[in-house]
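These notes concern the structure reproduced below.
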Amino acid sequence: MFKKLLIANRGEIACRVIRSARAMGIKTVAIYSDADKNALHVQMADEAIHIGPSPVNQSYIVIDKVMDAIRKSGAEAVHPGYGFLSENRKFAEALEAEGVAFVGPPASAIEAMGDKITSKKLAMKAGVNTVPGYMGLIEDADEAVRISRDIGYPVMIKASAGGGGKGMRIAWDDAQAREGFQSSKNEAASSFGDDRIFIEKFVTQPRHIEIQVLADKHGNCIYLNERECSIQRRNQKVIEEAPSPFLDAETRAAMGNQACALARAVNYASAGTVEFIVDGQKNFYFLEMNTRLQVEHPVTELTTGIDLVEQMVRVAAGEELGIEQEDVGIKGWAIESRLYAEDPYRGFLPSIGRLTRYRPPAEAATQDKGVRNDTGVYEGGEISMFYDPMIAKLCTWGPTRAKAIDHMRDALDAFEVEGIGHNIPFLSAVMDHQRFIDGNITTAFIDEEYPDGFAGVELDEAGKKRVAACAAGMFRVAEIRRTRISGTMDNHKRKVGTEWIIQVDGEEFPLTVEANRHGTTVVFDDRRIGMKSRWTPGDTLAEVDIAGRKHFFKVDRIATGYRIRYRGADYRVQVFTPRQGELARLMPKKVPPDTSRMLLCPMPGLVVKLDINVGDEVQEGQPLCTIEAMKMENILRAERQGVVSKVNARPGDSLAVDDVIMEFE
Numbered sequence: 003m004f005k006k007l008l009i010a011n012r013g014e015i016a017c018r019v020i021r022s023a024r025a026m027g028i029k030t031v032a033i034y035s036d037a038d039k040n041a042l043h044v045q046m047a048d049e050a051i052h053i054g055p056s057p058v059n060q061s062y063i064v065i066d067k068v069m070d071a072i073r074k075s076g077a078e079a080v081h082p083g084y085g086f087l088s089e090n091r092k093f094a095e096a097l098e099a100e101g102v103a104f105v106g107p108p109a110s111a112i113e114a115m116g117d118k119i120t121s122k123k124l125a126m127k128a129g130v131n132t133v134p135g136y137m138g139l140i141e142d143a144d145e146a147v148r149i150s151r152d153i154g155y156p157v158m159i160k161a162s163a164g165g166g167g168k169g170m171r172i173a174w175d176d177a178q179a180r181e182g183f184q185s186s187k188n189e190a191a192s193s194f195g196d197d198r199i200f201i202e203k204f205v206t207q208p209r210h211i212e213i214q215v216l217a218d219k220h221g222n223c224i225y226l227n228e229r230e231c232s233i234q235r236r237n238q239k240v241i242e243e244a245p246s247p248f249l250d251a252e253t254r255a256a257m258g259n260q261a262c263a264l265a266r267a268v269n270y271a272s273a274g275t276v277e278f279i280v281d282g283q284k285n286f287y288f289l290e291m292n293t294r295l296q297v298e299h300p301v302t303e304l305t306t307g308i309d310l311v312e313q314m315v316r317v318a319a320g321e322e323l324g325i326e327q328e329d330v331g332i333k334g335w336a337i338e339s340r341l342y343a344e345d346p347y348r349g350f351l352p353s354i355g356r357l358t359r360y361r362p363p364a365e366a367a368t369q370d371k372g373v374r375n376d377t378g379v380y381e382g383g384e385i386s387m388f389y390d391p392m393i394a395k396l397c398t399w400g401p402t403r404a405k406a407i408d409h410m411r412d413a414l415d416a417f418e419v420e421g422i423g424h425n426i427p428f429l430s431a432v433m434d435h436q437r438f439i440d441g442n443i444t445t446a447f448i449d450e451e452y453p454d455g456f457a458g459v460e461l462d463e464a465g466k467k468r469v470a471a472c473a474a475g476m477f478r479v480a481e482i483r484r485t486r487i488s489g490t491m492d493n494h495k496r497k498v499g500t501e502w503i504i505q506v507d508g509e510e511f512p513l514t515v516e517a518n519r520h521g522t523t524v525v526f527d528d529r530r531i532g533m534k535s536r537w538t539p540g541d542t543l544a545e546v547d548i549a550g551r552k553h554f555f556k557v558d559r560i561a562t563g564y565r566i567r568y569r570g571a572d573y574r575v576q577v578f579t580p581r582q583g584e585l586a587r588l589m590p591k592k593v594p595p596d597t598s599r600m601l602l603c604p605m606p607g608l609v610v611k612l613d614i615n616v617g618d619e620v621q622e623g624q625p626l627c628t629i630e631a632m633k634m635e636n637i638l639r640a641e642r643q644g645v646v647s648k649v650n651a652r653p654g655d656s657l658a659v660d661d662v663i664m665e666f667e
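If you want it as structure tokens, here you go:
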């Protein structure tokens, strides 16, 4: 077995590999850029080597710099993680020439499967079901339109060397095909240095289901069941689960056998994933093979008990698989939520900055509950504009799907992140969405259920009353504490009241608080809520037992009350005496400033292109400018008809959130 392993990556996946290597008794080496000098993976590794400036094309994907680090460290093997150089044939060949083991498949398999056009041809030859499409190279937008018409709209425009949702567009007509071709080509060139594009039929009402395979260098290959990855945004997975709520045993076996057939066809040896698109009749079609560890691999580990990183290392060391197909079972259910540094209220656009608070829920592993958090950040650390906006991968396990969902609800409620925009409210909303609960999901779920974007969560009456009861109980605790302040004047002792009016986002809930040594009971007109909690003033997380069920409320003190976040909802909760409540109703409401005649920058980013000039008349939906953030191009469009009166930005300008890009008459 290897004595020293270098991880050619960063962030949570580098930390993940380090944990398995440490358990195997292998020393680890981290590499880092200027932006990552204080990163968690650098702190966790046994040693760390600086490899260059912050941009990935000057550090993490420069093969020569990574090879220099390998030589300096004396590492015998390299784990590439995912992204960066993980599917780079030249990197695998460079390691082989250096006599260093690559913890991944042979370079020939990377080359065969890394090109989506070649991989589809090989899949067809291996007897794997494939989607109709055009596999040749496409020269320009006009040819892209002609091909799209021949295939029949809708079509998917993809970068041949793509991955992670970059360089992908869906086109429903000629105009979208033309625009999508150019945007995909630009993103592909920027992200992968390869701007080749291909087009295939877009299957409507599709599910994205993938098969995890594991193969060794001795001809053995098994599949470790499937992962459902249909909850996607901009072709980027957001929530994954294992197994799929849709597949039956027969379809699972058929997909697994085809995945293994493809792996054997390219002499695959390592962990890999074969991705399929599945329609409503359980017909499945090959999408691509990812010749690396997947971001969502933890749900497979939680339902099979197999450490995929460990298996990859053992295969790279020449060991034979110690697992046979009949040994692979499905234990319970696992769900993964990807926590991104993005603002769901602004169209999920990237958010960067410092994590002023980062407190994940406690990890657990029992017979009834599992909580796992794979992360590469820490409180006080910074989310950089140079890299993927992932904060963490929060995973929960339960004996059933319903239990796994329930555990995820609690884990998201207990996850504290401050300082940046994040998607926890959206993830919580999905966990409570009836379509998701029923397993009735497709890759169009987010577009269909949130066509106008995510505007937040509105709790039902029962949920709001739990929030009101929690606020009343906390306020009573704080009031009692205030009565115990020493040095008060005689005959001026503070009396804690029992009747309160709680305003939850403006909606009033009159209530009475009854308390004794056994707990607190909050009495509404139509119900009584009994609670127990050890919350004390200053705590930012309240764990409250309501009728034997634990609930988690994120709490921040504000004037006359609290900001409380629960199940994706974010409420200003104000606590008044009955008289204060009367007076509060008379207070004028603050009117927000009018920005309807301005185009505001929705994220920190770089102006790539301006499509209009002062005096131009624009129509609804017309492109106004393109902003690049975290290697993704975002086209900002006109919300309504208007005339441009002022342009405040130019191509190349770096903008912050809410900077005014242009103004309208």
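Just so we're aligned, residue 3 is where the sequence shown starts under the numbering used here, counting upward by one. Ideal Cβ positions, reconstructed from N, Cα and C, are used throughout, including at glycine.
Can you give the Cα-Cα distance for Gly54 and Lys67, rounded to whole angstroms?
8 Å
Under 8 Å, with one C-beta from each stretch per pair, do the segment 247–257 and the segment 179–189 reach the 3-pair mark?
no
Runs of beta strand (DSSP E) lying entirely within the segment 203–231, each at least 3 residues, in chain order
209–217
For Ala191, which residues in the same chain have their Cβ closer than 8 Å to its Cβ, ignoring the five residues on either side in sequence?
Asp197
Spatially closest choice to Ala640 from Glu622, Pro352, Ile119, Asp70, by CA coordinates:
Glu622
How do the segment 416–424 and the segment 352–364 stand: do at least 3 beta-carbon pairs fall below 8 Å, yes or no?
yes
Work out the CA separation of Leu87 and Arg294 for me, nearest whole Å.
10 Å
Counting only runs that start and end within the segment 85–170, where is the alpha helix (DSSP H) found for 4 or more residues in a row?
91–100, 109–116, 118–127, 143–153
Extract the residue ranges of the alpha helix (DSSP H) inside the segment 511–555, only unbroken runs of 4 or more that lie entirely within it.
none
Going straight from the alpha carbon of Asp175 to that of Arg148, what length do you get?
11 Å
Rounded to the nearest angstrom, what separates Ala446 and Arg478 at their Cα positions?
46 Å
Would you call the CB atoms of Ala50 and Tyr34 closer than 8 Å?
yes
Residues bridged to Tyr35 (per DSSP)
Reading off the sequence, residue 35 comes out as Ser, not Tyr. Ser35 pairs with Gly54.
Does the pairing of the segment 457–475 with the segment 498–514 give three or more beta-carbon distances under 8 Å?
yes
Would you call the CB atoms of Pro300 and Ala343 closer than 8 Å?
no
Could you please give me the residues that DSSP links to Glu328 through a beta bridge?
Paired residue(s): none; Glu328 is not in a bridge.
7 Å CB neighbourhood of Phe438 in its chain, flanking five on each side removed
Val432
Under the rule that 16 or more other beta-carbon atoms within 10 Å means buried, what is Met158, buried or exposed?
buried
Determine which residues share a DSSP beta bridge with Phe670 and list them.
This structure cannot speak to residue 670, because the chain is shown only from 3 to 667.
Limits of the alpha helix (DSSP H) - the one that Met433 falls within
426–433
In terms of DSSP beta bridges, what is Asp345 paired with?
Leu351
Is it the case that the Cβ atoms of Pro208 and Glu230 are separated by a distance below 8 Å?
no
In whole angstroms, what separates the C-alpha of Arg574 from that of Glu584?
18 Å
Beta-carbon proximity check, Leu396 vs Ser339, cutoff 8 Å:
yes
Taking the continuous beta strand (DSSP E) assigned at Gln238, which residues delimit it?
238–244
Report yes or no: do the segment 302–317 and the segment 21–31 share at least 3 C-beta pairs separated by less than 8 Å?
yes
For Glu509, tell me which candidate among Ile560, Phe183, Val469 has the shortest Cα-Cα distance.
Val469
From the DSSP output, which residues share a beta bridge with Lys395?
Arg340, Asp376
Span separating the alpha-carbon of Lys497 from that of Ile443:
54 Å
With distance defined between alpha-carbon atoms, name the residue in Asn375, Gln238, Arg565, Leu124 nearest to Phe350.
Gln238
Mind reading off the beta-carbon distance from Thr522 to Arg530? Whole number of angstroms is fine, and I expect it under 8 Å.
Rounded, the Cβ-Cβ distance is 11 Å, inconsistent with contact.
Between the C-alpha atoms of Cys223 and Ala47, what's the straight-line distance to the nearest angstrom?
32 Å
Met291 by DSSP, collapsed to three states: which one?
strand
Short check: CB of Ala94 to CB of Ile112, under 8 Å?
yes
Close beta carbons around Ala37, own chain, < 7 Å, minus the five adjacent residues each side:
Ser56, Ser386, Phe388
First and last residue of the uninterrupted beta strand (DSSP E) at Val317
From DSSP, Val317 is part of no beta strand (DSSP E) but of the alpha helix (DSSP H) over 310–318.
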